[in-house]
Each structure stands twice: as structure tokens, then as C-alpha cells.
Amino acid sequence: MEDGPASEPKPIRRLNETLINKIAAGEIIHRPASALKELLENSLDAGAISIKATVKEGGMKLLQIQDNGHGIRKSDLPILAERFTTSKLSTFSDLSRITTYGFRGEALASISHVAHLSVVTKTKADSCAWKATYVDGALVDPKTGQKTEPRPCAGNDGTTISIEDLFYNTPTRLSALRSTSEEYSRILDVMIKYAIHNPSVSFMCKKAGSPTPDLSTPSSSDTSTSIRLLYGHSIAKELIHSKVSSKGKGKQRDEDAMDEDEEPDGDSESWNAELYFTNANYQAKKMIFLLFINHRLVESPRMKRALEAAYQSVLPKGTSPFVYLSLLIDPRAVDVNVHPTKREVHFLNEEAIIEKIADSIQENLAKQSHSRSFEYQTLLTGPGGMLKDTDNILPQKRSRKEASDDERRGAEEREGPSSSKHGLETPGTASEAKRKAYPHQKVRTSLQDRTLDSMFRVTNQSQGEASSSKIPETPTPPVNTSSKSRDIKESQCYLTSVKNLRQSVVRAKHRQLTEILEKHIFVGIVDIHRCLSLVQCSTKLYLLNHDALAEEMFYQLGLRQFGDFSRIKLDPPPSLREMIQVAVDAEDDLESSTSLSRAEVINRIVKILMDRREMLSEYFSLNISEDGRVESIPLLLRDYIPNLDNLPSFLMRLGPQVDWMSEAECFETFLRELAYFYTPTPPIPLGPDVDEKEQYKAERWQIQHILFPAMRRYLVPPKSLLDRDVVQIANLPDLYKVFERC
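So the sequence shown is numbered by full-length UniProt numbering: it starts at 1 and just counts up by one.
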């Protein structure tokens, strides 16, 4: 058969208007977070000072934005969702002077083609609000689908825009989205960035049906306060504030610099920049970079790389800083119309501006380098990564003044309100002559009184020193701390799961047990092997299982510092696989509990931890290097070092004992395992020839001088501790009654 003539070219046809709009909508609205960004910008353009977002199923089921801006006129509602309808442009030359976020009139139009869009709006001049529903850019009745007019309804000044069933008619785009939790986190990220840049505007974001918001910021704030509120104290305390301009070098906040809202002068090449960036003390795996150009949130990979390069000489390899940059450039030098979502902009003299900003950061970092501090403690490990000589790891000795100040504060906390508030007066007054305090009514309230150890007879000076109630002379540990305060502050966290866990701790609080621990006086350790100690509160004597109380306290401390832990650095870092192998080999009955071989168990646990390295580092400061070495573990309590001989067992238990599949259960079980690791372990007797008091001297010191004061301050005890871990064994008035009968 002969070859036929070449096939005819297909005719060119005009696309259907609906198809054109859906294609355009796909360029503007990529995911729920991009729809939210467009609506946020509209609200800010409308002069809103309060913006509230409600989200359901990651924004795919519902995304609602409510603001208190100037609203939309009723006469403008019929064309509100049509393409290229805007109040911000009239001629092409207006693009060179544009200072608003939106200007093309495509956001609402695009949303109406891929979702069900409804608008409720009211201006100050309107007597009621007006509601309009849009489909494919046209104002229609939601029931009949026919064109209609806006309907009157109740409402406040401002605009509420509701987006329902996003991408319902584009299933391919819908299936390409991530999980609802990840989409919601992207929405929160966008709102956080705009909240940082607009501190005078109140932002709130919550899930539909949730009683508490996941994001809530006050109005009339400032940038540094917003950064501390939204990104946490660990970033805020290391921030450097600098301002740079085309006229001069960067200046720090204490110097005479341009006002925050100062615009560039008439020169089209002039510019001003304001920066908040972290010093060398802050280190993160990924760089947090917030870039606003003429108040518009944009991205600039080139500028990001230049700023990262400015930190290369001060940060370790593989770590990154936090940088917030607000750049104001003359609108005539900026082209905002280069990206469908306005994610990027082009501007004149980009290289020179980037270079000058990077130089300013380097200069400020150099000035700050002398005050660099480290938020971790360094412990030395022996050959092969195994930890040695842990008996010598003790808190640094405090000065006499610090010790006396701590004792004075402790005595004041235990004494509670002054006696005069209860109708009693100090010794030497007329009241004392009238009222006599009987022996069975006297309560010891000072740390200077004798403890249980000091009541035993000593046979030599060395034993007497070991039994003294004073702080023993101990070797100075190889620690490097930079804590400015002994207070452990609660970290800022917006994860609902962590908030719920914190609330459950508060709800489980037992009032009477809390009072006992807050006002207790340490008497002594009864049996260090059975973890039993005596404390006194008022006229009662209690026997406590200090291990059980310490485990609950360490769990609560982990929850309290979630996402903002200090670190214990291991130097040199031991091998994760080797330590897990040590722990697995020590398990005698492993074969009876699993069908896997020991090698398979080791491989599975190592894989679980290696796959979650970033999460463990970000949330818990458990840093594992790419080659599988444990670089640091979280530090829960200053001056307290857990028994590091148990580190292999702790790492091994993270595999099977942590529920990695559910967020709340994962956080809770991990913190429970961390608390179990931190709990003081009863020491192993070394033999009859070793003086037990000397052997357990360090252990007893930590329990008495660190654990019990920390429990008094931070432990919120649940009622479950009363079942078997706290027992009243004596009451002073009852004892006197017994003696009287004798």
C-alpha cells in the first residue's frame, strides 16, 4: 500500500471559557495555603486590624476568613468574582506605582472556579450585611444555580469569605494534595509569617469545632514580640536587630536609625531594610527565612543563599539561622507582575542590595562573637563510645552566697504566708505571753535544722563529712552551662496534641498532694535501693517513693520544654547501632517476646530512629548525625545528669515502646521513655569492702539537693501517686497522745 499524504494539521480553536478559567485558576490556587494567602492580602488591603481563619480538613472542606476591614459595596458584588475586576488598577502605568497586595483581580475569580465561594460583607454605610454566592465567577442562587442579586443578612462591618469543597471539580489536583494535617500546617505557616510582618494586626487561626485557636496574636504589638510569641524564646533571645539603607551602613536597634515604617525617598534606586536575625548561639537544621519586599511575602533563592553564606564562618556545617527581612524599595524599581501567585518579584540593583545586606549581617555577627554562649552540657565518653566514670559527673559547686540565697528562698516558700496573717505575732510580743506553743504544735520550717543523716553517730571525720547535711565537696564536672536563670519556662507550642497533654496534667492535679510537696521539708533517704525517702509537711511525716515522683516530674518537665530543650552534648558521639546492640544483647528473654532475630531487631530500631532524625532533633533535641552517631540528648533539669549507663537501653526502648503512628501518643510515649531514662537508678552495691556512704554520696546529693527542690517547684502530682508512692506514717499530735498514755 502506498504511503498516503502527510496528515493535515489540526485546526486551532478557541478554548471554552470555563476551561480557560479552570486553567487560570490552577496557576493561582495551588493548595489551600495559596488560597488563604490571597484572602489574607485582600483583608490587609481592606485595612483590617483583626483577621480570623477557620479551617476544616486542612482547608479542603472549609476555609473561612473573617476580617473587620472596610467591606465591599453592594453594587460591586455582581462582578466581584469575575476575572480582571479590581479597584487597584485603571491603567498599565499604575503597575509602576502599585503598593497594595492584590491588583489583577484574579484571586476570587480563580477560587470560584475550583470551589464553592460565598461572601458576607458590610460597609459602615450599610444598614445590614449582604451575602453573595458565586459559581464559575458568576453570582448565583446556591439552591437553583440561577443568577440572582445579593441577599440581605445579619453581619458585622467587614468581610467574611467562605471557601467550601476546594478542588471538588478537579480530582487530580485534589488527590495530589498532602494530608490534612500537613495542609493545615502550611496554612499556619502563612499566617505566622504575615503576623510577624503585621504586628499591629490581630491574627487568629483555628480548626472548625475546636474551642481554642492554634494561633492567636494580639494587636498593637511589635515585630520582636511577635517573633518571640510565634517562634519561641529560643529564637527571640538570640535575635539581633539591624537596619540598612542605600544611604549608609547597618545600625543596631539602640542607634539612631530610620523609623520602622519609613519609606524610601524620591530616588528610584533608594531602599531601606529592617532585619531580625539570630546570632551564633542559635542553630537549626533548616533556615527560617521570612522575606517581605514592599510588605509583600515573596521568595528569593538567590538572596537566601547569600544570607546563608554570611553565616558560614560562625555556624557549624549543616546548621542554619533565622532571618526576617523587610525590604522597602521604590515601587518604580520593582516589577510585581512576574509570577501568577506574586510569589516572586524583580527589582533593580538586586546584587548590590543583597551584598550590602549580607555585609551588614556579617558585621553585626562579628560584634556579637565575643558573647557567644552554648546551651548544652558536654560529657566525655570513653573508647568505643561507652560512657565511663559517671560517678564523677556532679553539679558544679555553688558559691556560699548562692547556696544561702537558695536556702532562704526555700524557707520562705515553705513558711508560706507570714504568721501575722493568721493572728500570730513574732517572739517578744504581748501575744506570745498570752499564747503558748506546745511541743506537739511546733513545726520545723528551716533547712538549717538537722536531717536524718545527721542524727546518726559518726566514728570518724570522713564519715562525718559524708553524713553532714551540708553540701559535700564533690569533684567539679566537665560541664559548660550558660543558664541565665534557674527557672524552667514553658515553651511556646501551637500543636493541639501538646496543648491537650499539658491540659491533662493540670486536670489530674491533686490539691492536697500538691500542698504537701510545695511545703515539704526533706528529712532524709531511708533506703536508697528501694528509693524511699522521708519528708515532713506541717505536723505529718510522709514516706515517698522518690523514683516514682521523679519520673512523673521529668515527664512533665519534658512536656513543659517541648520543642525548646537544652542539650547534653556527647563528645565524642557514640554509635547509635553499637549502643542499641549493647542493650539488645543484654536482653535475656528477647527470643520469647519476638520472632525476629537480634540482628533484625537492631536493624529495625536503628531504621526507625534514623528515619525520624529531623523530628527528634526539632522537638526533643535528640541529635543523630547522618552517619548514625548520637551527638546530643535532651537536658531536662539543670545540674542534673541522668545515669548515662542507661543510655543504650533508652535508645533501644524508643523503637518498640513509642507509638510512632499517632501524633499525641508519639509525643506522650517518647516523653515517658525519656522520663524513665532520667529517673535515678538504684545503685549497684560494689561489695562489702566499699563504704556504702561514700559510694552513694553523689547519688544522695542529687536526690536531696536537686530532685526534691525541683519537685517542690515543678511537679504537678496526680492522684495516682497516692495509691502506693506517698504514705503518711506519723502525725505529731497522735504521737503525743500515745506518749501521754505511757
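Note that beta-carbon positions come from the ideal geometry of N, C-alpha and C, so glycine has one too.
query: Classification of K193 by the beta-carbon crowding that lies within 10 angstroms, buried from 16 upward; result: buried
query: Cβ neighbour criterion (16 or more within 10 Å) applied to E600; result: exposed
query: Which listed residue (L559, M652, A675 and E587) has its alpha carbon closest to that of residue 766; result: Limits of the chain in this structure are 1 at one end and 742 at the other, which puts residue 766 out of reach.
query: Nonlocal neighbours in the same chain, by C-beta distance under 8 angstroms from A154, ignoring five residues either side; result: C128 and A129
query: Beta-carbon gap between Q728 and L543 smaller than 9 angstroms; result: yes
query: Extent of the continuous alpha helix (DSSP H) run through M204; result: Here M204 belongs to no alpha helix (DSSP H); instead the beta strand (DSSP E) covers S202 to K207.
query: Beta-bridge pairing of T159 - partner residues as DSSP gives them; result: D67 and T121
query: Three or more C-beta pairs below 8 angstroms linking the region 128-143 and the region 52-68; result: no
query: Test item: CB-CB of G71 and K124 under 9 angstroms; result: yes
query: Counterpart residues of T54 in DSSP-defined beta bridges; result: Q64 and K206
query: Given R296 as reference, the closest of Q283, N198, S270 and A208 once Cα atoms are compared; result: N198
query: Within 9 angstroms, strictly: CB atoms of P195 and S226; result: It is worth fixing the name first, because residue 195 is Ala in this sequence and not Pro. Contact: yes.
query: For I12, the three-state DSSP class (helix, strand or coil); result: coil
query: Enclosing alpha helix (DSSP H) for Q362 [first to last residue]; result: E350 to Q368
query: Sheet register partners of L541 (DSSP bridge); result: Q536 and A730
query: Unbroken alpha helix (DSSP H) run spanning G137, endpoints; result: It is not in any alpha helix (DSSP H) - G137 carries neither H nor E in the DSSP assignment.
query: Cβ contact (3+ pairs, closer than 8 angstroms) linking the region 163-176 and the region 110-117; result: yes
query: Alpha carbon of D222 to alpha carbon of L229, nearest angstrom; result: 11 angstroms
query: CA nearest to the CA of E164, picked from Y696, E82 and P32; result: P32
query: Assigned secondary structure, A433 (DSSP; H/G/I helix, E/B strand, else coil); result: Low per-residue confidence applies at A433: pLDDT is 42, beneath 50, and the placement is therefore not dependable enough to give any value.
query: Beta-bridge pairing of I703 - partner residues as DSSP gives them; result: Bridge partners of I703: none, in fact.
query: The alpha helix (DSSP H) enclosing T223, as first and last residue numbers; result: T223 to Y231
query: DSSP-derived helix/strand/coil call for E276; result: Note on identity: in this sequence residue 276 is Tyr, with Glu being the wrong assignment. In the structure shown, Y276 sits in a strand (DSSP, three-state: E or B).
query: Distance between beta carbons of E238 and N279, contact taken as under 8 angstroms; result: 5 angstroms
query: Beta strand (DSSP E) segment containing L291, residue limits; result: I288 to I293
query: Beta-carbon spacing of R567, S504 below 9 angstroms; result: no
query: Contained beta strand (DSSP E) runs [length at least 3] in the region 593-654, N- to C-terminal order; result: 630-635
query: Proximity below 9 angstroms, CB of H546 to CB of L707; result: yes
query: Residue environment, E299, which counts as buried when at least 16 other CB atoms sit within 10 Å; result: exposed
query: Contiguous beta strand (DSSP E) assignments of at least 3 residues, all confined to the region 513-583; result: 521-527, 532-537, 540-545 and 566-571
query: Beta-carbon proximity list for K10, same chain, < 8 angstroms, skipping 5 on both sides; result: none
query: Assigned exposure category for V506 - 16 Cβ within 10 Å defines buried; result: exposed
query: Same chain, Cβ closer than 7 angstroms to P218, neighbours up to 5 away in sequence not counted; result: S202
query: Closest by C-alpha distance to K367, when choosing among A352, Y324, V314 and E351; result: V314
query: Proximity winner among E57, N272 and T148, relative to E183 (alpha-carbon distances); result: E57
query: Reference K304; option with closest CA among R598, V523 and I357; result: I357
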